[in-house]
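Engineer: Just so we're aligned, residue 301 is where the sequence shown starts under my numbering, counting upward by one.
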Amino acid sequence: MSPKTDFPPVRACLFDMDGLLLDTEDLYTLCVNLVLDKYGRPPMPWSIKAKLQGRPGPAANKIFSEWAKLPITKEQYQAELSVFQRNMFPTTKILPGVRELLASLNPKSRVHIALATSSHESNFKLKTNHLKDFFSVFPQHRRVLGDDTRLQAGRGKPLPDIFLLALKTINDSLPAGEKPIRPEECLVFEDSVPGVEAGRRAGMRVVWVPHPKLKEEVAGREKEILAGRAGEAGDVDMHQVGEVNDGWAEELSTLESFPFEKYGIVVSA
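1) Going by DSSP, name the residue or residues bridged to ALA414.
2) Using beta-carbon positions only, say whether LYS393 and ASP323 come within less than 7 Å of one another.
3) Along the alpha helix (DSSP H) that carries ALA466, what are the first and last residues, could you check?
4) With respect to the beta strand (DSSP E) encompassing LEU487, which residues constitute its N-terminal and C-terminal limits?
5) Residue range of the alpha helix (DSSP H) that GLU516 falls in?
6) Is the beta carbon of GLY542 less than 7 Å from the beta carbon of ALA527?
7) According to the neighbour-count rule (16 or more other Cβ atoms, all chains shown, within 10 Å of its Cβ), is PRO371 buried or exposed?
8) Which two residues bound the contiguous beta strand (DSSP E) that contains TRP508?
9) With a CB to CB cut of under 7 Å and the five nearest residues on each side skipped, what residues in its chain are close to SER418?
10) Rounded to the nearest angstrom, what separates GLY397 and GLY340 at their Cα positions?
11) Can you name the residues that DSSP bridges to ALA549?
12) Take THR260 and list the residues in its own chain whose beta-carbon comes closer than 7 Å to its own, dropping the five residues that flank it on each side.
13) Which residues does DSSP pair with ILE394 in a beta bridge?
14) Rounding to the nearest angstrom, what Cα-Cα distance links HIS412 and GLU380 in this structure?
15) Is DSSP giving VAL444 helix, strand or coil here?
16) If you run the structure through DSSP and keep just helix, strand and coil, what is GLN540?
Okay, structure coming up:
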């Protein structure tokens, strides 16, 4: 099909966090592999890692435990994993291009931003407490975390709820007289396949910035992923997703030198 080109200007940008803003994906892998090694299990392959990315903790843990077959309970695994995470997560770093991108989305750009991450509050704090100044660009009321009570249990990514809720937090706090923002005026930034599908199912445009190892794992499926047709959401109505080459999503290797003009975003110093 011919890609759509007559999009309205982007008025809201919704950001995932892990692997998109912060270098946490490699830290997650390291922590998991330390537990696996303790019990003589092989390192986690990216074929499994790709299924865990972007998902809420309970869903990710189920997928992992079915693969890992560790000789310990899920509770013990979580306890041991948490020890490594408490040491590693406070070392997170901001990924290339992220500071510049968010700095450009200042009030003069007239683009609103919100955070939509599957990380639960406890892990969010571990990853971000040393970066509070950076995360201050996201107002507290425009942060949606994985354990947000406004999210229905079991409705995490790849379902669209988290991005629709993030948009609602923006619309509920718009300046007087500003028209509510529609989903098609939103741009979702994601690194995971379930996250891309969630954004597409929300009726939003998507920028996908995959980890190089994820890129290798899904080679040949990029167009399907950008259409939201990777099937990560399971048996749900396919009419909610896009079509291959429909113009609603693109892949970037980095957020450096982001093409604002393509999305109708006017930036100034």
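C-beta atoms are modelled at their ideal positions from N, C-alpha and C, and glycine is treated no differently.
Structural biologist: Looking at the coordinates:
1) Beta-bridge pairing by DSSP links ALA414 to LEU314.
2) Yes, the Cβ-Cβ distance between LYS393 and ASP323 is below 7 Å.
3) Its alpha helix (DSSP H) spans residues 461–471.
4) Looking at the DSSP string, the run of the beta strand (DSSP E) that includes LEU487 is 486–490.
5) Counting along the chain, the unbroken alpha helix (DSSP H) around GLU516 starts and ends at 512–517.
6) Contact flag set, yes.
7) Exposed is the label assigned to PRO371, since fewer than 16 other Cβ atoms lie within 10 Å of its Cβ.
8) Start and end: 505–508.
9) Counting only Cβ-Cβ distances below 7 Å, and skipping sequence neighbours, we find GLY354, ARG355, PRO356, GLY446, GLY456 and LYS457.
10) Straight-line Cα distance between these residues: approximately 39 Å.
11) Paired residue(s): VAL506.
12) Not covered by the structure: residue 260. The range shown for the chain is 301 to 569.
13) The partner list for ILE394 (beta bridge, DSSP) reads LEU322.
14) Rounded to whole angstroms, HIS412 to GLU380 spans 39 Å at the Cα level.
15) In the structure shown, VAL444 sits in a strand (DSSP, three-state: E or B).
16) Note: GLN540 maps to helix in three-state DSSP.
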